[in-house]
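Going left to right, the sequence shown walks through residues 1 to 151 as the UniProt record's numbering numbers them.
All residues carry an ideal CB built from backbone N, CA and C; glycine is no exception.
All values reported here derive from a predicted model rather than from experimental measurement.
In what follows, a single structure is set out as structure tokens and then discussed.
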Amino acid sequence: MALKVDPKRSVAERLQNYLRSANRRGQFLSSLWPRVSVIEVSPTKSVFELTVTGDDCNGLGSLHGGCTASIIDVCSTGAIIAAATKYFVHGGVSNDLTISYVSAAKEGDVVLIECSIIKLGKSLANTHTVIRNKNTGQVVAMGSHTKFNSE
1 MALKVDPKRS
11 VAERLQNYLR
21 SANRRGQFLS
31 SLWPRVSVIE
41 VSPTKSVFEL
51 TVTGDDCNGL
61 GSLHGGCTAS
71 IIDVCSTGAI
81 IAAATKYFVH
91 GGVSNDLTIS
101 YVSAAKEGDV
111 VLIECSIIKL
121 GKSLANTHTV
131 IRNKNTGQVV
141 AMGSHTKFNS
151 E
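Here you go:
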């Protein structure tokens, strides 16, 4: 089912609509998205906040790499939707997702997810995301995400 996004709506409305669609019960990591808060949204950058829970962690008690990848995927797509005017109003499809894991985020840590739009063209969108520990500023992970406009 395609997400219906009106490009004339405000960037905040588009982003909230997108995050609501990721909350549908039964979808992969659907319990994660209700805990993601939008902190800042603009046509060039979106910032989210998340408190890491045990459900997000691996056996060592730190944020799971697969969960980190999903956070970067979904949040950077949200930033693309927030920035979209004519193209990418539905977010597109992933073409490349590259992640560097820098340090651990533990259960109870609050992380900021900062997604910047590098380029938003007709066919491709490029983003860069940094996940930081809110209290220490330490980088947890960084990712670049390329998406193809499938519309």
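Distance between beta carbons of Val139 and Ser116, contact taken as under 8 Å
Contact flag wrong, Cβ pair sits at about 14 Å.
Considering only residues of the same chain and omitting the five flanking positions on each side of Ala105, which have a CB-CB separation below 7 Å?
Val52, Ser62, Leu63, Val111, Asn133 and Val140
Can you tell me which of Ala12, Asn126 and Thr85 puts its alpha carbon nearest to the alpha carbon of Gly143?
Asn126
According to DSSP, simplified to helix, strand and coil, what is Val74?
helix
Identify the residues that DSSP records as bridge partners of Leu124: which are they?
Phe148
Should Val47 and Leu15 be called a contact, given that it needs their Cβ atoms to be closer than 8 Å?
no
Beta strand (DSSP E) segment containing Val93, residue limits:
Val93 to Tyr101
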